[in-house]
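Here the protein sequences come in this chain order: A and B. Mind the numbering: the first sequence is residues -18 to 199 in the numbering used here, read in order. Mind the numbering: the second sequence is residues 32 to 173 in the numbering used here, read in order. Where a beta carbon is used, it is the ideal one built from N, C-alpha and C, also for glycine. This structure is a prediction, so every number in the text was calculated from the model and none was measured.
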Amino acid sequence: MKTELDIIAQAGLRYFGRTTASISHELKNALAIIRENAGLMDDYLAMAEKGLPIDMAKFKVLTGRIEGQTRRADGLIKNMNRFAHSVDEPLRKVNLNEMVELLAALSHREAAMRQVGLQVAQCQQPVVLVTAPYLLLTLLGHCLTYALTAVNAGGTIILKVQGDTPGAIVFESLNRLAALPPDAFPDERVTVLAEALGAHYQADSAAGKVGLTLKNLQ
Amino acid sequence: MAEKILLVDDEKDFLSVMSERMKNRGMEVTTAESAKDALQEVERGSFDAIVLDLMMPGVDGIETLKAIKRSKPELQVILLSGHATLEKGIEAMKLGALDFVEKPANIDELTERIKKAKAQKLVLVERQMENKLKSILEAKGW
């Protein structure tokens, strides 16, 4: 029989796996573009050796693309680094605004594959509480995956941070395809993770909203 | 004769640079940013090979491969992915993909595979013609 710890460990590992797979995929795309642009520069140079003039405007486009993709890869690695460091301490102070920003960045590809946009609506004030950052990210990731099931291609999910009680996060789906499937939430992982974090979840399937009210664990 | 290629990827920058490199190597390249656009191009044009990204928003590469093979089974598809797993590769080959290449791909290797795809397509088209002729001859009793 699976214990609660087994469920948390499996959910955490699964979230880690799919998040790093998604980031590595995006990184490979950025590297492929960098490599092909460098290759095209080589093609131009080979043509120049044969006496064909180099089109400087075209060459500049290539260096611009390489710079843009290098920035993209750097952003991906920074997010991966923040994600990796979320396991450093089992409990620590986190700002929910930053946490949701990171969640949106880590989930960008998952949403894009469904042709759904993510929008972060931060609280105007920092919302700081003591929690288990990696478990919270895992729980938020599962809730977001559930919210994505009901959004039509071209739709948007707003990730809202609220600064009350002491902090809450709401996923609100716009351009919904259907109501959220009520029997799919909460699953075993969400129940156990929320219990470990002392969080309360609410899902309003007709309105397409999933919310988490968090507790200060200090 | 130039190889006619359909290059399908949701990354605009990748499409742009890759198609230019292929053109520099004498190929005729058409590009598509989504599975939907790719399937429209397949209906419209004739290609020696399709270089298809496995992971795309909306309809993914495997589903696109199935649709291409349903519509034009003689078309040769090379799947390209930054996410190559053995399982996906096996699935793609079982569905009729000619090859599975991991990103970033070496352009010379990819060119070789495209030439192989063109040769394979010619064999298949010739076989289709032979079968057609055979069935006409049988039907007419000549």
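- Could you check what DSSP says for THR194/A in three-state terms: helix, strand or coil? Mapped onto the first sequence, residue 194/A falls at position 213. In the structure shown, THR194/A sits in a strand (DSSP, three-state: E or B).
- Best match in ALA19/A, LEU33/A, ASN78/A for proximity to GLN50/A [C-alpha to C-alpha]: As a first step, residue 50/A must be located in the first sequence, where it is residue number 69. Considering only alpha carbons, the answer is ALA19/A.
- Message: To the nearest angstrom, how far is the alpha carbon of GLN(-9)/A from that of ARG170/A?
- Response: Here the question's residue -9/A lines up with position 10 in the first sequence. Here the question's residue 170/A lines up with position 189 in the first sequence. GLN(-9)/A and ARG170/A: Cα-Cα distance of roughly 9 Å.
- Limits of the alpha helix (DSSP H) - the one that VAL171/A falls within: Taking the first residue of the first sequence as position 1, residue 171/A is located at position 190. 169 to 178 is the span of the alpha helix (DSSP H), which, as asked, contains VAL171/A.
- Item | Contacts that GLU122/B makes with chain A (C-beta to C-beta distance below 7 Å) | To locate residue 122/B, count along the second sequence from 1; it is residue 91. Residues of chain A passing the Cβ test: none, with the nearest at roughly 17 Å.
- Short-range partners of chain A found in the region 33 to 49 of chain B, where Cβ spacing is below 7 Å: Hits within the stretch, in order: GLU42, ASP44, PHE45, VAL48, MET49.
- Query: What is the C-beta distance between LEU84/A and LEU116/A, in whole angstroms, given that I count them as a contact (C-beta under 8 Å)?
  - Reply: Indexing the first sequence from 1 puts residue 84/A at position 103. Indexing the first sequence from 1 puts residue 116/A at position 135. That belief does not hold up - the Cβ atoms of LEU84/A and LEU116/A are roughly 13 Å apart, past 8 Å.
- Start-to-end residues for the alpha helix (DSSP H) that takes in VAL174/B: Outside the modelled stretch of chain B, which goes from 32 to 173, sits residue 174/B, for which no answer is possible.
- Message: Count Cβ pairs between the region 31 to 50 of chain A and the region 80 to 94 of chain A that sit closer than 8 Å; are there 3 or more?
- Response: Not touching, per the Cβ criterion.
- Does the region 64 to 72 of chain B come close enough to the region 144 to 160 of chain B that 3 or more CB-CB pairs lie under 8 Å? Remark: fewer than three beta-carbon pairs, one from each stretch, lie closer than 8 Å, so the region 144 to 160 of chain B and the region 64 to 72 of chain B are not flagged as touching.
- Thinking GLU17/A and PHE45/B are a contact (beta carbons under 8 Å), I'd like their distance in whole angstroms, please. Taking the first residue of the first sequence as 1, we reach residue 17/A at position 36. Taking the first residue of the second sequence as 1, we reach residue 45/B at position 14. Contact flag correct, Cβ pair sits at about 7 Å.
- Helix, strand or coil for SER67/A per DSSP? The residue labelled residue 67/A in the question sits at position 86 within the first sequence. Coil, per DSSP.
- May I have the straight-line CA-CA distance separating MET(-18)/A from ALA2/A, to the nearest angstrom? Here residue -18/A refers to the residue found at position 1 of the first sequence. Here residue 2/A refers to the residue found at position 21 of the first sequence. Rounded to the nearest angstrom, the two C-alpha atoms are 29 Å apart.
- Closer than 7 Å, Cβ to Cβ, to anything on chain A: give me those residues from the region 69 to 91 of chain B, in chain order. Contact residues of the region 69 to 91 of chain B toward chain A are MET86, PRO88, GLY89 (C-beta to C-beta distance below 7 Å).
- Query: For LYS103/B, which three-state DSSP category applies?
  - Reply: If you number the second sequence from 1, residue 103/B lands on position 72. If DSSP states are grouped into helix, strand and coil, LYS103/B belongs with coil.
- Examine the Cβ distances between the region -5 to 13 of chain A and the region 187 to 198 of chain A and report whether three or more of them are shorter than 8 Å. Contact fails: fewer than three Cβ-Cβ distances are below 8 Å.
- Query: Between which two residues does the beta strand (DSSP E) harbouring ARG73/A extend?
  - Reply: Working through the first sequence from its first residue, we reach residue 73/A at position 92. Taken as a continuous stretch (DSSP letters only), the beta strand (DSSP E) holding ARG73/A covers 73 to 76.
- Residues bridged to GLY148/A by DSSP? Here residue 148/A corresponds to residue number 167 of the first sequence, with the count starting at 1. Assignment of beta-bridge partners to GLY148/A by DSSP yields LEU195/A.
- Smallest Cα separation from GLN100/A: which of VAL108/A, GLY135/A, ASP36/A? Working through the first sequence from its first residue, we reach residue 100/A at position 119. Per the Cα distances, GLY135/A.
- Which one of LEU21/A, TYR25/A, ASP69/A has the shortest CA to CA distance from MET49/B? Against the second sequence, residue 49/B aligns to sequence position 18. Ranking LEU21/A, TYR25/A, ASP69/A by Cα distance to MET49/B puts LEU21/A first.
- Query: Which residues, in order along the region 123 to 144 of chain B, keep a beta-carbon less than 7 Å from a beta-carbon of chain A?
  - Reply: In summary, the residues of the region 123 to 144 of chain B whose CB is separated from some CB of chain A by less than 7 Å are LYS134, PRO135, ILE138, in the order they occur in the chain.
- Task: Determine which residues of the region 67 to 95 of chain A have a Cβ less than 9 Å from any Cβ of chain B, and write them out in chain order.
- Result: Among the residues of the region 67 to 95 of chain A, those with a Cβ less than 9 Å away from any Cβ of chain B are ARG90, ALA93, MET94, ARG95, in the order of the chain.
- How big is the Cα-Cα spacing for LYS97/B and LEU126/B? As a first step, residue 97/B is located in the second sequence; it is residue number 66 there, counting from the start. As a first step, residue 126/B is located in the second sequence; it is residue number 95 there, counting from the start. Cα atoms of LYS97/B and LEU126/B: separation of roughly 7 Å, rounded to the nearest angstrom.
- Item | C-alpha gap between ILE138/A and ALA92/A, whole angstroms | Taking the first residue of the first sequence as 1, we reach residue 138/A at position 157. Taking the first residue of the first sequence as 1, we reach residue 92/A at position 111. Rounded to the nearest angstrom, the two C-alpha atoms are 9 Å apart.
- Message: I'd like the span of the alpha helix (DSSP H) that includes ASP185/A, first residue to last.
- Response: Along the first sequence, one-based indexing puts residue 185/A at 204. Element bounds for ASP185/A: not the alpha helix (DSSP H) but the beta strand (DSSP E), 181 to 185.
- In angstroms with no decimal places, state the Cα-to-Cα distance between ASP164/A and THR172/A. Numbered from its first residue, the first sequence carries residue 164/A at position 183. Numbered from its first residue, the first sequence carries residue 172/A at position 191. C-alpha separation (whole angstroms): 13 Å.
- Item | Collapsed DSSP secondary structure at GLY98/A in the structure displayed | As a first step, residue 98/A must be located in the first sequence, where it is residue number 117. DSSP, reduced to helix, strand and coil, places GLY98/A within a strand of the structure shown.
- Message: If we require 4 or more residues per run, which alpha helix (DSSP H) segments fall completely within the region 43 to 87 of chain B?
- Response: If we require 4 residues or more, the alpha helix (DSSP H) runs fully inside the region 43 to 87 of chain B come out as 43 to 55, 66 to 75.
- Item | Anticipated Cβ contact below 8 Å, LEU129/A with VAL97/A, distance rounded | Indexing the first sequence from 1 puts residue 129/A at position 148. Indexing the first sequence from 1 puts residue 97/A at position 116. Yes, they are in contact, since the Cβ atoms of LEU129/A and VAL97/A sit about 6 Å apart, within 8 Å.
- Item | Proximity test, Cβ basis, 8 Å: GLU51/B and chain A | Counting from one through the second sequence, the residue named residue 51/B turns up at place 20. With 8 Å as the cut-off, GLU51/B counts as an interface residue toward chain A.
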